[in-house]
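To start, the structure under review is shown below, and the notes come after it.
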Ligand SMILES: [Zn+2]
């Protein structure tokens, strides 16, 4: 599933590919993706121009002249730009046809992705964005603020970092990586972390996500940005997907167990 660095890269490529294009019409081939009445969705969008694409947590926001489409790629969602003459792939489920003869096609093999439509400005206070927590790069997110957030829960740090309503954008890959880099065992109770540990954790979250954004994200299975390019940060992972391989820091075998319902990779020596 795309996490913050991958969604950030999709956002950047969409800004290159579709900014200032005007929608002529919209085709919806798999209605369940669109969380809005389909005819009204098509009607409202025709004639609107895409001003820019932004990101909030793992969500994309296509900001239009009047409305905002809040898009979640979930497992396999992908956007790509095509000439409208090009044959449609069977996984192209929502198609935005522009007045210049090009089309933005949303492909989704698993069909788990979602699109919500709101008037500009209303999207932040309505589902799904109303429940999205701090952006990791937000200067307001400090170790002290993290401590206050984590005091309210008895869950372990793995579960807490996956919880998008507290800190948004981290998924299974980056949670495992930041906990390894911070020397924190994934089953540690979040509320038991000291301010010093939270300082390290915060620093690693910002550093690892930032570095992955620069490297185009991680392509583990199928992720590509909207220009079809893969990321390369998967080459810099220390624990995710490394079960049985020697820890690059200490040499002990990386373990994998299920924590917070997710496959979790860690080093029992480096993360006590
Ligand atoms: Zn180790």
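In the working numbering, the protein residues as written are 68 to 339. We put the beta carbon where it would ideally sit given N, CA and C, even for glycine. What you are looking at is a predicted structure, and each value in this text was computed from that prediction instead of being measured.
Problem set entry | Identity of the residue in 153, 203, 135 nearest residue 124 by Cα | Residue 203 holds the alpha-carbon nearest to the alpha-carbon of residue 124 among 153, 203, 135.
Problem set entry | Residue from 88, 115, 114, 135 with nearest C-alpha to residue 121 | With distances taken between Cα atoms, residue 121 lies closest to 135.
Exercise. In whole angstroms, what separates the C-alpha of residue 108 from that of residue 311?
Worked result: For residue 108 and residue 311, the distance between alpha carbons rounds to 49 angstroms.
Exercise. Since residue 160 and residue 173 are thought to touch, with beta carbons under 8 angstroms apart, how far apart are those beta carbons, to the nearest angstrom?
Worked result: 6 angstroms
Exercise. Just reading off the alpha helix (DSSP H) that residue 277 is part of, what are its end residues?
Worked result: 262 to 281
Problem set entry | Segment limits, alpha helix (DSSP H) that includes residue 109 | From DSSP, the alpha helix (DSSP H) with residue 109 extends over 105 to 112.
Problem set entry | Cβ pair residue 137, residue 128 closer than 8 angstroms | yes
Exercise. Are there three or more Cβ pairs, one per stretch, closer than 8 angstroms when the region 215 to 235 is compared with the region 251 to 260?
Worked result: The region 215 to 235 makes contact with the region 251 to 260, as at least three CB pairs between them are under 8 angstroms.
Exercise. Name the DSSP beta bridge partners of residue 147, please?
Worked result: 172
Exercise. Along the chain, where does the beta strand (DSSP E) that runs through residue 135 open and close?
Worked result: Boundaries of the beta strand (DSSP E) harbouring residue 135: 134 to 139, taken from the DSSP string.
Problem set entry | Beta-carbon spacing of residue 243, residue 332 below 8 angstroms | yes
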